[in-house]
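Chains as they are written, first to last, in the working numbering: chain R, 1 to 111; chain G, 1 to 111.
Structure first, commentary second.
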């Protein structure tokens, strides 16, 4: 099993550009999550999907959209990137009652 | 507001020392408390503590949960340089039942 995979690993955008971060898991998990991690701020939840076909806002959803394409895939879209969105983005997944597994992360810089 | 507070924020010790990392929380609808280790990449799972499992041990690492006093500790005995990492505490609860992360404790183990 590959676990949770994310693409790309690194990305540089100019302010106003758009991009989609991809996430996939092969563990048949129902729930999937997108976090951002900033220095001194810990991990903050952007959006989550408790099951295929549902998505909900987390703590910091502004400026982002998500799509739960199927049970395996959960993408995060930045429609108009801003420097404040410079961060490391982690995708995670889990089965109810168990721990979350994290992907390797995407380091995004917006100039 | 739900919150998880870790202390200290950083810690420097020498190989062979024993360390204790602290995590206190004020989270509604508590379900579980998790510890993760992060070494410049994705967080990796260490322990999950719930009402039915308030003490866990794995090798040199151990953790306890005090649900009455609302805290947990992570102990690492006979530290090694490979233990150098950021240790994250997270509590599952709140109105959405998602993980709420502390800001982490950065542990540096000197040879």
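Even for Gly, the Cβ is constructed at its ideal location relative to N, Cα and C.
Quick caveat: nothing in here was measured; it's all calculated off a predicted structure.
Alpha carbon to alpha carbon, how far is residue i from residue j?
i: residue 20(G); j: residue 65(G); result: 13 Å
i: residue 60(G); j: residue 91(R); result: 29 Å
i: residue 52(G); j: residue 32(G); result: 10 Å
i: residue 104(G); j: residue 79(R); result: 30 Å
i: residue 59(R); j: residue 36(R); result: 10 Å
i: residue 62(R); j: residue 46(R); result: 8 Å
i: residue 94(R); j: residue 23(R); result: 13 Å
i: residue 21(R); j: residue 9(G); result: 30 Å
i: residue 77(G); j: residue 82(R); result: 44 Å
i: residue 98(G); j: residue 91(G); result: 8 Å
i: residue 63(G); j: residue 57(G); result: 6 Å
i: residue 44(R); j: residue 79(G); result: 29 Å
i: residue 102(R); j: residue 30(R); result: 14 Å
i: residue 109(G); j: residue 84(G); result: 5 Å
i: residue 30(G); j: residue 33(R); result: 19 Å
i: residue 14(R); j: residue 87(R); result: 14 Å
i: residue 75(R); j: residue 111(G); result: 42 Å
i: residue 88(G); j: residue 3(R); result: 20 Å
i: residue 57(R); j: residue 95(G); result: 12 Å
i: residue 15(G); j: residue 106(G); result: 15 Å
i: residue 25(G); j: residue 25(R); result: 30 Å
Shorter than 7 Å from the beta carbon of residue i to some beta carbon of chain R?
i: residue 33(G); result: no
i: residue 114(G); result: Outside the displayed range of chain G (1 to 111) lies residue 114(G), so it cannot be described from this structure.
i: residue 101(G); result: yes
i: residue 22(G); result: no
i: residue 29(G); result: no
i: residue 75(G); result: no
Tell me which residue opens and which closes the beta strand (DSSP E) that residue i is part of.
i: residue 78(G); result: It is not in any beta strand (DSSP E) - residue 78(G) carries neither H nor E in the DSSP assignment.
i: residue 55(G); result: 55-58
i: residue 22(R); result: 19-25
i: residue 84(G); result: First-last for residue 84(G): undefined, no H or E at that position.
i: residue 110(G); result: 105-110
i: residue 41(R); result: No beta strand (DSSP E) holds residue 41(R); DSSP gives it neither H nor E.
i: residue 55(R); result: Per DSSP, residue 55(R) belongs to no beta strand (DSSP E) and is neither H nor E.
i: residue 124(G); result: Since the first residue of chain G shown is 1 and the last is 111, residue 124(G) is not available in this structure.
Would you verify that the beta carbon of residue i is, or is not, closer than 7 Å to some beta carbon of chain G?
i: residue 53(R); result: no
i: residue 105(R); result: yes
i: residue 45(R); result: yes
i: residue 10(R); result: no
i: residue 99(R); result: yes
i: residue 3(R); result: no
Tell me whether residue i, by its Cβ, gets closer than 6 Å to a heavy atom of the ligand HEM.
i: residue 44(R); result: The ligand content of the structure shown is nil, which means the ligand HEM is not present either.
Is the CB of residue i under 7 Å away from at least one CB in chain B?
i: residue 42(R); result: Absent from the structure: chain B. Protein chains present are R and G.
Identify each residue in the region 48-80 of chain R for which the Cβ-Cβ distance to at least one residue of chain G is less than 8 Å, and report them in chain order.
Look at the region 48-80 of chain R: the residues with a C-beta under 8 Å from a C-beta of chain G are 48, 56 and 58.
What residues from the region 80-98 of chain G come within 8 Å of chain R, judged by C-beta to C-beta, listed N to C?
Residues passing the 8 Å Cβ filter: 88, 90, 96 and 98.
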